[in-house]
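Below: one structure, written as structure tokens.
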Amino acid sequence: MNNKLIEAVNLLKEKEWVDLTHAFGPDSPHFSAFDPAAFETLFDHDDGFFAQQFTFPGQYGTHIDAPIHFVPGDKRYVHELELQELVLPLVVIDKSKEADEDSDFTLYPDDILEFEKEHGEIEPGSFVALRTDWSKRWPDQDTFDNQDEKGNSHAPGWSVEALQFLFEQRNIKAIGHETFDTDAAVDIQKNGALVAEYYVLDQDTFQVEVMTNLDKVPAKGAVIFNIVPKVKGATGFPVRSFAILP
């Protein structure tokens with residue numbers, strides 16, 4: 003008797019797999035409000051086994067944000083995210099050239115419509131990632147922050163209008179990006195708040211931040227897996243995101 007599930011797994015293993023996750027440590031770039039991660043050796047092999055203790059904020063390295071991270075009330079934590087919603091069709095909107103020319107690049111609905119003219123309409127239930135190649139600045143904190151002489155950061159991001167279009171018109175499931183924040187840095191300075199990030203998490207869904215290797219994934223056709231520990235009561239946590247290519 004043929005086992006179609008095993009056949010499917012074997013087929014997947016024949017495909018190309020792309021790691022979308024940075025390896026992080028105490029010296030890795032991190033959000034300015036957080037302390038660097040700390041790794042401590044508790045026992046070494048002279049004690050009979052090697053064990054460590056790790057201290058870092060939930061939003062560190064490539065990480066997943068649960069709805070409760072920004073939205074108060076009866077919102078979900080990391081451990082309440084369903085397994086099937088962590089595995090989704092992956093769409094990658096490439097705006098790396100625009101972000102290279104303008105660090106303040108912000109994605110708007112017209113950019114999405116332009117993408118769809120070439121690649122077709124974005125399917126419901128998709129995970130949509132914004133490629134800016136900001137990840138190529140890793141692991142340098144200064145270039146990741148990209149501050150001007152006044153100390154203001156300049157980094158690309160999503161507009162609220164683009165997110166509203168994706169969630170309300172295309173019925174996508176989740177988003178991801180390579181920067182620390184959902185919002186472009188200029189919008190954070192203008193609004194005094196992360197308006198776009200609040201909007202995403204208010205859709206009772208998650209997002210993945212500080213992604214990498216989006217330049218190795220096609221615009222459509224891949225599948226993303228977001229594997230995260232089931233930490234009870236966590237607002238976010240480092241995630242192992244990867245894509246299987248078609």
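Each residue of the sequence shown is one higher than the one before, counting from 3 in this note's numbering.
Backbone N, C-alpha and C define an ideal beta-carbon position, used for all residues, glycine too.
Computed from a prediction, not measured in an experiment: that's the story for all the values here.
Euclidean distance between Cα positions of residue i and residue j
i, j, result
"threonine 214", "asparagine 5", "35 Å"
"tyrosine 110", "phenylalanine 33", "25 Å"
"valine 225", "lysine 15", "13 Å"
"threonine 134", "valine 80", "26 Å"
"proline 59", "proline 28", "12 Å"
"phenylalanine 244", "histidine 24", "11 Å"
"phenylalanine 2", "glutamate 42", "Past the boundaries of the shown model lies residue 2; the chain is included only from 3 to 248, so the question cannot be answered."
"phenylalanine 146", "aspartate 189", "17 Å"
"glutamine 143", "glutamine 61", "16 Å"
"proline 231", "glutamine 55", "16 Å"
"alanine 195", "histidine 156", "15 Å"
"threonine 181", "aspartate 113", "19 Å"
"lysine 222", "histidine 121", "7 Å"
"proline 31", "glutamine 149", "14 Å"
Cβ-Cβ distance between residue i and residue j below 8 Å
i, j, result
"glycine 127", "lysine 175", "yes"
"alanine 35", "threonine 57", "no"
"valine 210", "asparagine 228", "yes"
"proline 158", "tryptophan 140", "no"
"aspartate 67", "glycine 238", "yes"
"alanine 198", "valine 162", "yes"
"aspartate 106", "alanine 164", "no"
"valine 131", "leucine 203", "Note on identity: in this sequence residue 131 is alanine, with valine being the wrong assignment. Taking 8 Å as the Cβ cut-off, alanine 131 and leucine 203 do not qualify as a contacting pair."
"isoleucine 246", "lysine 17", "yes"
"tryptophan 83", "phenylalanine 208", "Reading the sequence as shown, one finds leucine at residue 83 and not tryptophan. Yes; because the gap between Cβ atoms is below 8 Å, this pair is in contact."
"glycine 63", "phenylalanine 26", "yes"
Buried versus exposed call for residue i [16 or more other C-beta atoms within 10 Å across all chains shown]
i, result
"tryptophan 19", "exposed"
"phenylalanine 167", "buried"
"glycine 178", "buried"
"alanine 10", "exposed"
"glutamine 171", "exposed"
"isoleucine 8", "exposed"
"proline 248", "exposed"
"histidine 65", "buried"
CB contact below 8 Å: residue i versus chain D
i, result
"threonine 237", "Checking the listed chains, one finds no chain D in this structure; it contains a single protein chain."
Distance cut-off 7 Å: residue i Cβ against heavy atoms of the ligand COA
i, result
"glycine 238", "As for the ligand COA, it is missing from this structure, which has no ligand bound."
**Prompt:** Along the chain, which unbroken stretches of the beta strand (DSSP E) at least 3 residues long are found entirely within the segment 169 to 213?
**Reply:** 176 to 179 and 209 to 211
**Prompt:** Between the segment 64 to 75 and the segment 97 to 106, do at least 3 Cβ pairs fall closer than 8 Å?
**Reply:** no
**Asked** Would the segment 84 to 96 and the segment 115 to 135 be scored as touching if the rule is three or more Cβ pairs under 8 Å?
**Response** yes
**Request:** Starting from the N-terminal side, write out each stretch of the beta strand (DSSP E) that is 3 residues or longer and does not extend beyond the segment 21 to 65.
**Result:** 40 to 45 and 53 to 57
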